[in-house]
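Number of protein chains: 2
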Amino acid sequence: MAVSSRERVRAAAVKLFATKGFHGTGIRDLAQEAELSSASLYHYMGTKEDLLAEIMHTALNRLLDAAREATAGAGDPAHRLRTLVVLHVLAHAVGPAETRVVDNEVDVLSPAAREPVVALRDAYERLWASAIDDGVAAGVFRVAHPAVTRLALLEMCSGVARWYSPRGPLALDELAEHYAELASRALGCTSAPGVADLRRCREIVAKEWGVSV
Amino acid sequence: MAVSSRERVRAAAVKLFATKGFHGTGIRDLAQEAELSSASLYHYMGTKEDLLAEIMHTALNRLLDAAREATAGAGDPAHRLRTLVVLHVLAHAVGPAETRVVDNEVDVLSPAAREPVVALRDAYERLWASAIDDGVAAGVFRVAHPAVTRLALLEMCSGVARWYSPRGPLALDELAEHYAELASRALGCTSAPGVADLRRCREIVAKEWGVSV
DNA sequence: CAAAGGCTATCGATCGATCGATCGAACGTC
DNA sequence: GACGTTCGATCGATCGATCGATAGCCTTTG
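Okay, structure coming up:
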């Protein structure tokens, strides 16, 4: 078997949840996309909600691990922030469907299922917050409202998943670099525009996401 | 009657579509929220999809009208762009539910119903595009990829609807000003940080949205 | 003025379709 | 023959939508 049925179910769910939404996707849609009967689906998943929660967990854990690995050892806050931006943009451009599910369907989960997902997202956002706060404290960032700015930048970068197409005029590298530049400017970055380690981020994304970037 | 049933149906739909999504909102949920029977609902709307489309039309037309009014006569591209940012942020902070519906539920519409909605959104984005392009041409903006930057800024500003709370530490004015500053910086604005006409934008929002701002 | 007729707003009951989920049976492989 | 997969058939619940009926309120008519 080229890909296992289990993987097909997951891929089908990511695709359909991203395009039609969780409530807009029926069990039978899922089955058709995965080339299985609706009954067979339940051999590989619990409830439909379990499937959604599992997708969110793996996606967020992957992003969190990748971000920790990419920023490990990068001491300079400005460099750390640029690295986070590059990684975030690459991840959202490479896996827009998965990302859209994570970003848009969080609150269809029941409170019990939502809680650990939100905790993961918070842990990820804390990486951004500390990079920004450290930069402000060190004087390399000059920005009035760091917390609000963090939210603004995160939304800006996540938006990539909503419009980016690999067939567009911009290569992935240019896109990521451009966003790093936008973020640096918004933060009033005073340090030299030291390039984030783009190659390293590309390798991490390629490894974690299992794609060639 | 304080508010008409028709208005209650509309308000209920905006609230529930925003929080639970279009497909996550049942006719009976709508009826309960509007304090009507599910049968009576159909006295005030066509299908559920018609209701969604109507909400999107009025919301987008309002935003488009407000943006045109706010930027009329503001010749300087940098000033125009800051005005667009301020208005966009105010609108998204004042009516987050409506905005989330417009931003997130566009593609549950059938192609026929979606087409005019997308046309309205495109017309609105064209205001941003021309302000940015004019600024680049005039040399007041220095940015590598204007079209991508426009998308990035729009996503950033729209994100306000996903997290802003009037009970937060930031007043509406500060929020709008801060976003205008972020956008100016991202665009590499070289002109003096001339404040957008915040008061005028507030008045327009107060008038068009029928709220005190 | 009162009765008649029409119009707006509302509802309970119910339609066929689809929903998520489960069952027992059959398949192939070791 | 045991086990991992797959499926057709089907469950009760809920979906969006429609039905005929009713109650109140204008306007018209005698």
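Protein chains in written order, with this note's numbering: chain A, -16 to 196; chain B, -16 to 196.
Glycine included, C-beta positions come from ideal geometry on N, C-alpha and C.
Source: prediction; values computed, not measured.
Keeping to the same chain, check which residues put their C-beta closer than 7 Å to that of residue i; ignore five residues upstream and five downstream.
| i | result |
| --- | --- |
| Val69 (chain B) | Ala159, Ala163, Ala179, Leu181 and Cys184 |
| Pro129 (chain B) | Ile115, Asp116 and Val119 |
| Ala(-5) (chain B) | Leu13, Glu16 and Ala17 |
| Lys3 (chain B) | none |
| Val(-3) (chain B) | Ile38, Ala80, Glu81 and Val84 |
| Ala55 (chain B) | none |
| Ala106 (chain B) | Leu47 |
| Ser21 (chain A) | Ile10, Arg11 and Ala14 |
| Arg(-11) (chain A) | Tyr27 |
| Arg109 (chain A) | none |
| Leu34 (chain B) | Ala(-4) and Met28 |
| His71 (chain A) | Cys140 |
For residue i, which residues of its own chain have a beta-carbon under 6 Å away from its beta-carbon, when the five flanking residues on both sides are left out?
| i | result |
| --- | --- |
| Ser174 (chain A) | Ala61 and Val123 |
| Ala112 (chain B) | Arg133 |
| Val131 (chain B) | none |
| Arg125 (chain A) | Gly171 |
| Thr82 (chain B) | His75 and Ala144 |
| Tyr147 (chain A) | Ala76 |
Is it buried or exposed for residue i, if we count other Cβ within 10 angstroms and need 16 for buried?
| i | result |
| --- | --- |
| Asp86 (chain B) | buried |
| Ala49 (chain A) | buried |
| Val(-14) (chain A) | exposed |
| Glu138 (chain B) | buried |
| Arg(-7) (chain B) | buried |
| Ala53 (chain A) | buried |
| Met(-16) (chain B) | Since pLDDT at Met(-16) (chain B) reaches only 49, below the 50 mark, its modelled position is unreliable, and no value is offered. |
| Ala121 (chain B) | exposed |
| Leu95 (chain A) | According to the sequence provided, residue 95 (chain A) is Ala. The question's Leu does not apply to it. Label assigned to Ala95 (chain A): exposed. |
| Ala36 (chain B) | buried |
| Ala135 (chain A) | buried |
Just checking my contact of residue i with residue j at CB under 8 Å: how many whole Å lie between their CB atoms?
| i | j | result |
| --- | --- | --- |
| Val84 (chain B) | Ala1 (chain B) | 5 Å |
| Ala166 (chain B) | Leu46 (chain B) | Rounded, the Cβ-Cβ distance is 17 Å, inconsistent with contact. |
| Arg168 (chain A) | Arg168 (chain B) | 5 Å |
| Ala127 (chain B) | His6 (chain A) | Rounded, the Cβ-Cβ distance is 40 Å, inconsistent with contact. |
| Leu(-1) (chain B) | Thr8 (chain B) | 4 Å |
| Leu103 (chain B) | Asn44 (chain B) | 7 Å |
Leaving out five residues before and five after residue i in sequence, what residues of the same chain have Cβ atoms less than 8 Å from its Cβ?
| i | result |
| --- | --- |
| Leu73 (chain A) | Leu155, Ala159, Cys184, Arg185, Val188 and Val196 |
| Leu24 (chain B) | Val(-8), Ile10, Leu13, Ala14 and Ala17 |
| Ala57 (chain A) | Arg63, Thr66 and Asp180 |
| Arg51 (chain B) | Leu110 |
Between the segment 67 to 78 of chain B and the segment 179 to 195 of chain B, do three or more beta carbon pairs fall short of 8 Å? yes
Counting pairs of Cβ atoms below 8 Å between the segment 22 to 37 of chain B and the segment 130 to 146 of chain B, do you hit three or more? no
With three or more C-beta pairs closer than 8 Å as the rule, is the segment 95 to 106 of chain A touching the segment 33 to 45 of chain A? yes
Alpha helix (DSSP H) runs contained entirely in the segment 121 to 191 of chain A, provided each spans 4 or more residues: 129 to 141, 143 to 146 and 155 to 169
At 4 residues or longer, what runs of the alpha helix (DSSP H) sit wholly inside the segment 19 to 84 of chain B? 21 to 24, 31 to 54 and 60 to 77
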